[in-house]
Structure formats: C-alpha cells, structure tokens
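Asks: Counting from 238, one number per residue, gives the positions in the sequence shown under the numbering used here.
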Amino acid sequence: METVRTPDERFEALPGYSFEPHYVEIDDGEGGSLRMHYVEEGPADGDVILLLHGEPTWSYLYRKMIPGLAAAGHRVIAPDLIGFGRSDKVVGRENYSYTSHVHWVEAFIEALDLRGITLFGQDWGSIIGLAVATRMEDRFDRIVMANGAIADPRRMERMVQVLQDSPNPEAFAAWQAFVAASDELDVAMIMNGGPEGADPMPGFDPGLSAEEAAAYQAPYPDATYQGGVLSFPALMKPQDESDDVYGIWTAAWEVLDRWDKPFLCLYGKQDPMIGHFDAIFIERVPGTKGLPHQAFEGAGHFIQEEEPEALVTAINDLIASTPA
C-alpha cells in the first residue's frame, strides 16, 4: 500500500506539545510494515495508561493530560493512529477499514508488549479501543470511557434511544454527509467549532487559540495525507451479520456484558453525538458498579481540551483505588 509521512518540520514549536517522538514498526496486515508514532512519558515501570484519540485529532489532544498522569508515576503512552499525527498515512480513504485500525492497535500493543493497561478512549479511540481491550482481555486492567461508544448490532434500538437524548441527534449523520462530500478537510476550522464568523457547532467548540487549532492541522500538508481523516465517518456502518464490523462489535459486547474489571465513565454532556452513551455502559457493564462516574454538564465532544485536570484526577484516583 502507498504511504506518506508528514515532514518533521510540521511539528516544530506546536503550543504545549514538546514531547519527544517515539516510533515503532508494526505489521500492516498485508505483508509489509507501517511506522506508528507515540508519546511516552513517565517511569518505564509505572502502570500503563493508553490514551487513544479519535477523529480528526491526534496525540496533540492529550497534551494537557500527559504531564499530570506521568507525574503521578504512570507510564503514559499516547499513539497516533495510522493515518493521523506523526504516524504513517496510507494514501486513499478507500484503503482504511475499521478492522485494519483494530489490527494496527493490537500490533502496536504487541510490539511494545504493553500489559496492565488502563485504557482511556474517546470518539474512535473508544470504538477501536474497546474492540482491542475485549480481544486482548489479559493485557487490560481498567477502562475509562470519555465520550466513547461502541454499538451492539443486536440491540441498536437502545443506542438510537440514547442518541435521541443527545443535544443534537442529527449531528453524526450530518457529519458523515459532510465528510463524504469533501475531498479535503480543514481540520483547524473543525476544531475551532466551524467557519469563522459562523455560530460555533454546539459541543464542538473547545475554545482553542488559533495556534492550537492550527496544530491539529499540522499532520496534513494537503489532501494526500488525509485518507485516515476522510475515511473514519464512513466506517460506522455494519451492514449485516456477515460484516466484519458487525462481528467485532458483537464479540466486544459479549465480553463487556461480563467485564468486571473497573470501567469508569467521564462524559461531556454537550457532546451532540455520544455524550449520553455512558448510560448504556452503566446499565450493562458489571465493572461500572460502585465507581464515581462523572457527567460534565458544560463539556462537549473534545472533553480532553475542556476538562483535562478533572480527567487526570479521575484516572489517577481510579488506578490508586483499584490496584490490579
């Protein structure tokens, strides 16, 4: 498969992001390899915290959380998914699949031999991360979901019901249509809540400076680098029981329905798409019982930008109170 790498100079002097880059080669699933970038901070023998980003972000999303987690003695690892950040980018949106993303994250975990993991997932970082965690149960000790979701194809009516409780039930369909019709995305504009002069998209305006918004655009010099960003929304469409996504999601829920390890929910209720999905996890996942879940009434989709200190405190407290 054809790949491109964003020039290093695109990542120079980004505000709040001075972390040393780390790279690992992973199996691409087709007999070749891909280079995956990750941030690693904190002691090598600390409890592993795996921070997974979603669309259209990269590890820059975690710049406000990494220092506080590392200072607590944890080994903090924040990878860039393939197609994002400083990781290799497969050219062409048609060359990405949900199954491939799951495989790539599994390969990343195996390459670093990560164990005793506390997963923190948001957006696609949850949809991918939950599949990985339930397929590699022995490597994960805890899960923290922040504006995360994974559908159960057998019980879609409950997901639809929860979606209707969100501030804008039509937001995801509109986002899918917008990206499908786009040849290139202005990621900085998206991260700043929409076009300049227009009313910000509710739940998608984390109050970034112009420089911070531009940092989210840094990995993408032009559309050639945007296969991953352009592909994600279309991957949310399991068709029937023969579909790979259907099988992965169904298998994930078979594990989640009996998951008794700690599972904490930290949700921004202004997220127009999945800010209320915590209700499903709390209803069904045994590991959610008795934990101090939090609902941030003023926070939107990019909760890592809006409530970083509270998220860091919640993660540190969870690890301290639930030794493996």
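Built from N, CA and C at the ideal position, the CB exists for glycine as well. What you are looking at is a predicted structure, and each value in this text was computed from that prediction instead of being measured.
Using the beta-carbon count (16 or more within 10 Å), is Met393 buried or exposed?
Replies: Under this definition Met393 is an exposed residue.
Asks: Going by C-alpha distance, which of Leu555, Glu278 and Gly266 is nearest Tyr254?
Replies: Among Leu555, Glu278 and Gly266, the Cα nearest to that of Tyr254 belongs to Glu278.
Asks: With respect to 6 Å, is the separation between the Cβ of Tyr462 and the closest non-hydrogen atom of the ligand GDP below this value?
Replies: Of the ligands one can find in the structure shown there are none, so the ligand GDP has no counterpart to examine.
Asks: Distance check for Met426 and Ile519, CA to CA, integer angstroms please.
Replies: Between Ile519 and Met426, the C-alpha separation is close to 34 Å.
Asks: Do the segment 346-359 and the segment 444-464 make contact, defined as three or more Cβ pairs closer than 8 Å?
Replies: No contact exists between the segment 346-359 and the segment 444-464.
Asks: Would you call the CB atoms of His562 and Arg323 closer than 7 Å?
Replies: This structure gives no information on residue 562, because the portion of the chain shown stretches from 238 to 561.
Asks: Roughly how many whole angstroms lie between the Cα atoms of Gln531 and Cys502?
Replies: Each residue's Cα considered, the two are about 6 Å apart.
Asks: Using only the alpha-carbon positions, how far apart do Met302 and Leu548 sit?
Replies: C-alpha separation (whole angstroms): 8 Å.
Asks: Under three-state DSSP, which class holds Gly353?
Replies: Of the three classes helix, strand and coil, the one that applies to Gly353 here is coil, per DSSP.
Asks: Measure the C-alpha to C-alpha separation of Pro523 and Asp459 and round it to an integer number of angstroms.
Replies: Going from the Cα of Pro523 to the Cα of Asp459 covers about 45 Å.
Asks: Comparing C-alpha positions only, which one of Ile511, Glu249 and Val241 sits nearest to Arg398?
Replies: The amino acid occupying residue 398 in the given sequence is Gln; Arg does not appear at that position. For Gln398, the nearest C-alpha among the options comes from Ile511.
Asks: Pick helix, strand or coil for Met273, following the three-state DSSP scheme.
Replies: The answer is strand: DSSP assigns Met273 an E or B state.
Asks: Consult DSSP for Leu289 and reduce its assignment to one of helix, strand or coil.
Replies: Residue state, collapsed to three classes: strand.
Asks: Provide the residue(s) that pair with Asp264 in DSSP beta bridges, ordered along the chain.
Replies: Paired residues: Ser270.
Asks: Nearest to Leu349 by alpha carbon, out of Val261, Glu478, Leu251 and His538?
Replies: Nearest option by C-alpha distance: Val261.
Asks: What is the DSSP secondary structure of Ala388, counted as helix, strand or coil?
Replies: Residue state, collapsed to three classes: coil.
Asks: Output yes or no for whether 7 Å exceeds the beta carbon distance between Pro404 and Pro443.
Replies: Their beta carbons are not under 7 Å apart, which means Pro404 does not touch Pro443 by this criterion.
Asks: Express the C-alpha separation of Gly505 and Val369 in angstroms, rounding to a whole number.
Replies: Near 24 Å, if we compare the C-alpha coordinates of Gly505 and Val369.
Asks: For Ile354, which residues from the same chain have a beta carbon less than 6 Å from its beta carbon, with the 5 sequence-adjacent residues on both sides left out?
Replies: Answer for Ile354: Val285, Leu287, Arg376 and Phe377, listed in chain order.
Asks: Using beta-carbon positions only, say whether Asn384 and Met238 come within less than 7 Å of one another.
Replies: Not a contact, by the Cβ cut-off of 7 Å.
Asks: Cα separation between Ser363 and Tyr462?
Replies: Distance between the alpha carbons of Ser363 and Tyr462 is about 23 Å.
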